[in-house]
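Number of protein chains: 2
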Amino acid sequence: MQRDAHRRAAPDRGRTLLGPALSLIHTGQTPTRSALTRALDVTRATAGAVTAELEALGLITVDSRPAGGGRGRPSHRLAIDPEGPVVVAGQIHADGLSVTLAGLGGLLDPPVHLPLPAATDPVRMLRAVAQAGAELARSTSRRCLAAALALPNPVTEPDGTALAALHFAWPSGTPVADLYDVEVGRADHGPMAVHPLPTAIANDANLAALAEYRHGAGRGARHLLFVTSGHRGVGGALVIDGHLHTGSAGLALEVGHLTVDPQGRPCVCGNRGCLNSETDPDALFAAAGLTPEPGRPLIDQARELCWAASTDERARAAVEHVIDRLGLGLAGVANILNPDRVVLSGLHLDLLEAAPDRLRAVVAERSLWGRSGRVPIVGAELAHGALAGAAELGWGPYLADPQSVPV
Amino acid sequence: MQRDAHRRAAPDRGRTLLGPALSLIHTGQTPTRSALTRALDVTRATAGAVTAELEALGLITVDSRPAGGGRGRPSHRLAIDPEGPVVVAGQIHADGLSVTLAGLGGLLDPPVHLPLPAATDPVRMLRAVAQAGAELARSTSRRCLAAALALPNPVTEPDGTALAALHFAWPSGTPVADLYDVEVGRADHGPMAVHPLPTAIANDANLAALAEYRHGAGRGARHLLFVTSGHRGVGGALVIDGHLHTGSAGLALEVGHLTVDPQGRPCVCGNRGCLNSETDPDALFAAAGLTPEPGRPLIDQARELCWAASTDERARAAVEHVIDRLGLGLAGVANILNPDRVVLSGLHLDLLEAAPDRLRAVVAERSLWGRSGRVPIVGAELAHGALAGAAELGWGPYLADPQSVPV
DNA sequence: CGGATTTTGTTTCGAACCGGCACAAAGTAA
DNA sequence: TTACTTTGTGCCGGTTCGAAACAAAATCCG
Chain L
1 MQRDAHRRAA
11 PDRGRTLLGP
21 ALSLIHTGQT
31 PTRSALTRAL
41 DVTRATAGAV
51 TAELEALGLI
61 TVDSRPAGGG
71 RGRPSHRLAI
81 DPEGPVVVAG
91 QIHADGLSVT
101 LAGLGGLLDP
111 PVHLPLPAAT
121 DPVRMLRAVA
131 QAGAELARST
141 SRRCLAAALA
151 LPNPVTEPDG
161 TALAALHFAW
171 PSGTPVADLY
181 DVEVGRADHG
191 PMAVHPLPTA
201 IANDANLAAL
211 AEYRHGAGRG
221 ARHLLFVTSG
231 HRGVGGALVI
241 DGHLHTGSAG
251 LALEVGHLTV
261 DPQGRPCVCG
271 NRGCLNSETD
281 PDALFAAAGL
291 TPEPGRPLID
301 QARELCWAAS
311 TDERARAAVE
321 HVIDRLGLGL
331 AGVANILNPD
341 RVVLSGLHLD
351 LLEAAPDRLR
361 AVVAERSLWG
371 RSGRVPIVGA
381 ELAHGALAGA
391 AELGWGPYLA
401 DPQSVPV
Chain S
1001 MQRDAHRRAA
1011 PDRGRTLLGP
1021 ALSLIHTGQT
1031 PTRSALTRAL
1041 DVTRATAGAV
1051 TAELEALGLI
1061 TVDSRPAGGG
1071 RGRPSHRLAI
1081 DPEGPVVVAG
1091 QIHADGLSVT
1101 LAGLGGLLDP
1111 PVHLPLPAAT
1121 DPVRMLRAVA
1131 QAGAELARST
1141 SRRCLAAALA
1151 LPNPVTEPDG
1161 TALAALHFAW
1171 PSGTPVADLY
1181 DVEVGRADHG
1191 PMAVHPLPTA
1201 IANDANLAAL
1211 AEYRHGAGRG
1221 ARHLLFVTSG
1231 HRGVGGALVI
1241 DGHLHTGSAG
1251 LALEVGHLTV
1261 DPQGRPCVCG
1271 NRGCLNSETD
1281 PDALFAAAGL
1291 TPEPGRPLID
1301 QARELCWAAS
1311 TDERARAAVE
1321 HVIDRLGLGL
1331 AGVANILNPD
1341 RVVLSGLHLD
1351 LLEAAPDRLR
1361 AVVAERSLWG
1371 RSGRVPIVGA
1381 ELAHGALAGA
1391 AELGWGPYLA
1401 DPQSVPV
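Residue numbers (the working numbering), protein chains in the order written: chain L, 1 to 407; chain S, 1001 to 1407.
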């Protein structure tokens, strides 16, 4: 008679543990109640109550069939509810806009890509993202809880203005957080959306770092240094014990203008040999003595040059030239931050894969403390790191307090 | 009839709030129960219970006479009990050993200074510190709760071994934490000491940063960058939201070998123009075209050179030369960490005071984000920062859980 | 000077949250 | 089948904190 009963009333246990418990399930670390008991260091009774509460909130499901294993009573698998709520995750990048829906567990729907609108002023671009997200939200039966956006520019905190949006000539100080909130408020996200829909924005490198930390190559690290390279230049981010360190104004880890070759190429900042100008596609082509074909995206051609390093002598030499400078920059930052893992993305990931041993050797050579300073350098694992990070940003308040999820 | 009653039994409130409350009183932020109520965001009832518990533990006193002020019933001042427990704080530096007793509130007894023993092997130096501390502990009627030590070398975590103890030729990897614990265990700290006396060690720059954050020039900062220069070279430390960031192995912020002048002076690390070799006393004298007098401590002469900058043209030029390089290094680190305050100590403090505007201008010029990157640069306030930090280290467990203080 | 007002401190009660324990459930091992 | 191991749940109680009423001690103001 107890089977298929109505969802039980909220238990009198596990209120403050809901957040940590959901975060563990969200990152795939605790597939069973028993694992939750150990990870949270609570009694089985408490873990059971927490599980029941999360199930009642419609966030997780408990597998009806036991998952066998060793001796003793088998545990039931806990999983993110595939029909649970979603957030809208968006990204603005040099090529256009990307939008997707994201449930818990780091699971993204296949992203929708839109070309850059003809007018790239802030309001119209943010409106395009908000409307594309609203369309996705209307198309699903799942509740929509938030809309979050990744930007290719530094974002100040706590006011949420964008700085130096080079690609789109946005004025520095554009209040992107406020503008996006307005546009999301105007767009119709359908009857299943929370009203008003909470919004959040952050820098794409920071968000990609957060996503890698929770669902990708950064799992299990304590201090994760993330470095990426793309159209905009070099972006860095630091995750400390699960929290992004964005500095007092959101401007930490802007490592693009670290000097790695005093006699190097000139940079827009006025100096020579910045990490930006020494490890971007132009630097790679210059080192190879080649000129990129006009018309095709520069970043794609640079990646092909990396892939050619195993067969083409000139490509190999160019890759090594750039890698030596990247290694200097990474060692400098690692000596300051002493991370226990470094994750590379973008063009830096292609450089790493072209000559992993050389990059690791250069960094180790410049690390101050020998063995203690030897830090693992690995590649990013997520295909859409910034989008996945935007999803994390949107989910943030609900992961901290699952009871704030509307019924 | 209630006056001078026995200390009341422990109340049924404020157990988990004891630590935060004591920390607030410890840092002088909440001199009254009413301020505690606001700072902890609890009810007056809870703040009152917390206060009573801390008083019962013998850690604080409540002033019997009201402290007047505005309207309404006056509040009673809360203060650290001057007869409360102490910890032994020690420091090993190039000139010798320093030891003192420290109560809560950042209050140090006048330190006792000892010359370096003839034999500078680890065991004998640690024994000398432990015995000097034991003598102090025996001489007081206050209970002694811990012994903590500041070392001039990088200290790895969590194992507590010292690296590169240049001045004393200690082998890299010396297990200082274990050795000090043994020596403290052997020394007699008197009948009022906890047995066995807990011990802790850490790097002096990190500890000085922590002390400045809690009791000195870093009060109120969120992200504090601390940089000091002394006999050993440059030491850095970072406090994030009240916690030291020592990196995954305790080796963060070792900024001495940041390159600030590619054509600069050679450094022991093999490169040229490291922050160490460009801002140490030798660099200052070289820039002035002077040779220090033999016999007198180099650091003292360098400080005198800084003080002479206002009157002596050659000293002024030398100070500005060094300051320009120090500014480059500070800007580089600040661009990575985005702190909201920079505190300078040691010779760097003398440089700052000799030409504060120039140093601030150099850093601002090299900061990436204009106004947003302009960070206050101030001098350290504590006379014995590392010793005060060692006291903080020793008090740490009790600040986190005041109930662990033995009755 | 004396009551009104304001602010602080205390007492009492109850709610929320979690551990301990006993028991039940569901598998494996022999 | 029996013993054992491990997992899940119901019940009790303890700890901790908030709400509210009350009490206390000052200033304000007529």
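Glycine included, every Cβ here is placed at the ideal spot set by N, Cα and C.
For residue 168/L, there is no enclosing alpha helix (DSSP H), since its DSSP letter is neither H nor E. Per the DSSP secondary-structure output, residue 1091/S pairs in a beta bridge with 1098/S, 1150/S. Straight across, the Cα-Cα distance linking residue 175/L with residue 142/L is about 30 Å.
DSSP, read as helix, strand or coil, puts residue 1383/S in coil. Contact of residue 316/L with chain S is not assigned, every C-beta pair being separated by 8 Å or more. At a cut-off of 3 residues, the continuous stretches assigned as beta strand (DSSP E) that sit fully inside the region 15-103 of chain L are 60-62, 78-80, 86-93, 96-102.
Taking every protein chain shown into account, the CB of residue 1261/S has 16 or more other CB atoms within 10 angstroms, so this residue is buried.
Interface residue (Cβ-Cβ distance to chain S less than 8 Å): residue 222/L is classified as such. Listed in chain order, the beta strand (DSSP E) elements of length 3 or more contained wholly in the region 222-296 of chain L are 223-230, 233-240. Bounds of the alpha helix (DSSP H) holding residue 335/L are 313-337.
Note that the C-beta distance between residue 210/L and residue 337/L is not below 8 Å.
Ranked by Cα distance from residue 1089/S, the first of 1207/S, 1034/S, 1157/S, 1159/S is 1207/S.
The Cβ of residue 1348/S sits no closer than 8 Å to any Cβ of chain L.
Just so you know, the alpha carbons of residue 55/L and residue 1077/S end up roughly 49 Å apart. DSSP places residue 346/L in the uninterrupted beta strand (DSSP E) bounded by 341-346. Among the residues facing chain S, residue 376/L is not included, as its CB has no counterpart in that chain under 8 Å away. Here residue 195/L carries a coil assignment [DSSP, helix/strand/coil].
Within chain S, the residues placing a beta-carbon under 8 Å from that of residue 255/L are 1335, 1336, ordered along the chain.
For residue 1189/S, there is no enclosing alpha helix (DSSP H), as DSSP marks it with neither H nor E. Chain L places a beta carbon closer than 8 Å to that of residue 1252/S, counting this residue as a contact.
Proximity of residue 1247/S to chain L, defined by a Cβ-Cβ separation below 8 Å, is satisfied.
The count of Cβ pairs closer than 8 Å, one atom from the region 356-367 of chain L and one from the region 269-289 of chain L, stays below three, leaving the stretches out of contact. Put simply, of 1213/S, 1042/S, 1195/S, 1201/S the residue whose alpha carbon is nearest the alpha carbon of residue 1238/S is 1213/S. Contact with chain L is found for residue 1332/S, since one of that chain's Cβ atoms lies less than 8 Å from the residue's Cβ. DSSP places residue 202/L in the strand class (E or B) of the three-state scheme. For residue 356/L, the enclosing alpha helix (DSSP H) begins and ends at 356-366. Of all C-beta pairs linking the region 1215-1229 of chain S to the region 1332-1348 of chain S, three or more are shorter than 8 Å, placing the two stretches in contact. In chain order, 1332, 1335, 1336 make up the part of chain S whose C-beta sits under 9 Å from the C-beta of residue 258/L. Within its own chain, the residues whose Cβ lies closer than 7 Å to the Cβ of residue 390/L, once the five positions on either side in sequence are excluded, are 89, 90, 91, 148, 149, 150, 207, listed in chain order. Assignment of residue 176/L by DSSP, reduced to helix, strand and coil, places it in the helix class.
Taking a cut-off of 8 Å for Cβ pairs, the region 248-263 of chain L and the region 300-317 of chain L do not touch, as fewer than three such pairs fall below it.
Residue 323/L has a beta carbon lying at 8 Å or more from every beta carbon in chain S. In summary, the residues of the region 1215-1242 of chain S whose CB is separated from some CB of chain L by less than 7 Å are 1222, 1223, 1240, in the order they occur in the chain.
Excluding its 5 nearest sequence neighbours in each direction, residue 1104/S has C-beta neighbours in its own chain below 6 Å: 1026, 1080, listed in chain order. If you look at residue 1112/S, you'll find it in the beta strand (DSSP E) that goes 1112-1115.
For residue 1138/S, the uninterrupted alpha helix (DSSP H) run begins and ends at 1122-1138, by DSSP.
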